[in-house]
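A.B. asks: Residues in the sequence shown are numbered consecutively from 98, following my numbering.
So that we are looking at the same thing, I have put the structure below in structure tokens.
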Amino acid sequence: GGTFIDGDDLHPKSNVAKMARGEPLNDMDRAPWLDLVGQRLAQGQGTVVVASSALKRIYRDRIRKHAGSVIFVHLTGPREVIAERMKAREGHFMPVSLLDSQKQTLAGNPFACAPACGSTPLARLGQRCFGAKIMGTQAK
98 GGTFIDGDDL
108 HPKSNVAKMA
118 RGEPLNDMDR
128 APWLDLVGQR
138 LAQGQGTVVV
148 ASSALKRIYR
158 DRIRKHAGSV
168 IFVHLTGPRE
178 VIAERMKARE
188 GHFMPVSLLD
198 SQKQTLAGNP
208 FACAPACGST
218 PLARLGQRCF
228 GAKIMGTQAK
């Protein structure tokens, strides 16, 4: 068991509108969203997984400021696979046209664990990346 939170549901309306227009978010746009992601992690009981695009190390540090100890896992995959998954999201505000800007933001901000999309369930993923069960507050 555990709690899953889609980080996209935590974006303020102004961020949603900006992304829907095909405009990438900047650090100032992301700040209140990152704070809320960290706060929601801190409020969670037991295992909490948040799907988010904490692309830069400074973004992940900002989440940690609120949530404390967090494990970040970056699911990787070929651009084509990610683009197809994005296209399949009915009614989602973020267009595929923003994928390249997200990949550029991620460049130079490596994660400790970066398995391929769909490779293993989260529990086995934790064992694979960290040699133990993932317990407590965690983020994807």
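We treat Cβ as the ideally placed atom computed from N, Cα and C, and that holds for glycine.
Since the model is a prediction, treat every value here as computed from it, not as a measurement.
Buried or exposed: which applies to GLY119, given that a residue is buried once 16 or more other Cβ atoms fall within 10 Å of its Cβ?
C.D. replies: Classification for GLY119: exposed.
A.B. asks: Measure the CB-CB distance between ALA180 and ALA139 and report whether it falls below 9 Å.
C.D. replies: No, they are not a contact pair.
A.B. asks: Could you give the first and the last residue of the continuous alpha helix (DSSP H) run that contains VAL170?
C.D. replies: Where VAL170 is concerned, there is no enclosing alpha helix (DSSP H), given that its DSSP letter is neither H nor E.
A.B. asks: Taking buried to mean at least 16 other C-beta atoms within 10 Å of its own C-beta, is ALA117 buried or exposed?
C.D. replies: By the 10 Å Cβ count, ALA117 comes out exposed.
A.B. asks: Could you check where the beta strand (DSSP E) with THR100 kicks off and where it finishes?
C.D. replies: Taken as a continuous stretch (DSSP letters only), the beta strand (DSSP E) holding THR100 covers 100-103.
A.B. asks: Provide the residue span of the alpha helix (DSSP H) that contains VAL193, from first to last.
C.D. replies: No alpha helix (DSSP H) contains VAL193, which DSSP labels as neither H nor E.
A.B. asks: Does DSSP classify ALA185 as helix, strand or coil?
C.D. replies: Residue state, collapsed to three classes: coil.
A.B. asks: GLN199: which of SER166, HIS171, PHE101 sits nearest, CA to CA?
C.D. replies: Of the listed residues, the one whose Cα sits closest to GLN199 is HIS171.
A.B. asks: Can the beta-carbon of ALA148 be found less than 9 Å from the beta-carbon of GLY104?
C.D. replies: Yes, they are a contact pair.
A.B. asks: What do you get for ARG154, buried or exposed, if any count of 16 or more other CB atoms within 10 angstroms of its CB means buried?
C.D. replies: Under this definition ARG154 is an exposed residue.
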